[in-house]
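Just below is one structure, and these are the notes that go with it.
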Amino acid sequence: MFKNIIAPVQAWLLSRGVCVGCGTPLTDGQSKPSTKVKDCDQVTCKCGRVFVYNPKTNTYRRALLSEI
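To convert, take the position in the sequence shown, counting from 1, and add 11; that gives the working numbering.
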């Protein structure tokens, strides 16, 4: 039940380029090229959450454990 409420809010925050945990813009996070995901960047927020940024589509998503 909680997932049905939280998932759309997190998707909306990620579409705006904002961290789902602390609300800071992901453009302020530390960015480095991802070694595991081709043509994407790994962005680490100040709160420690890790995201994958795709510059071609200009979208963010949460990183999987296998991608960290």
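Note that the Cβ used here is the ideal one computed from N, Cα and C, for glycine as well.
Taking 7 Å as the limit between beta carbons, can you name the residues of its chain near residue i, skipping five residues before and five after?
i: P44; result: D52
Expressed to the nearest angstrom, what Euclidean distance is found between the alpha-carbon atoms of residue i and residue j?
i: R72; j: Y64; result: 7 Å
i: N69; j: I17; result: 22 Å
i: F13; j: V20; result: 11 Å
i: T35; j: F62; result: 13 Å
Could you check which residue in the options has the C-alpha nearest to that of residue i?
i: C30; options: P19, R60, I17; result: R60
i: K49; options: K57, T35, E78; result: E78
i: K57; options: V20, C33, G28, L75; result: C33
i: V54; options: P19, A74, K14; result: A74
Might you give, ordered along the chain, the residues of its own chain that have their beta carbon closer than 6 Å to the beta carbon of residue i, omitting 5 neighbours on each side?
i: K47; result: E78
Apart from the five residues just before and just after residue i, which ones in its own chain have a Cβ nearer than 8 Å to its Cβ?
i: G28; result: P36, L37, T38, Y71
- Would you call the segment 38-50 and the segment 15-27 in contact, with 3 or more CB pairs under 8 Å? No, the segment 38-50 is not in contact with the segment 15-27.
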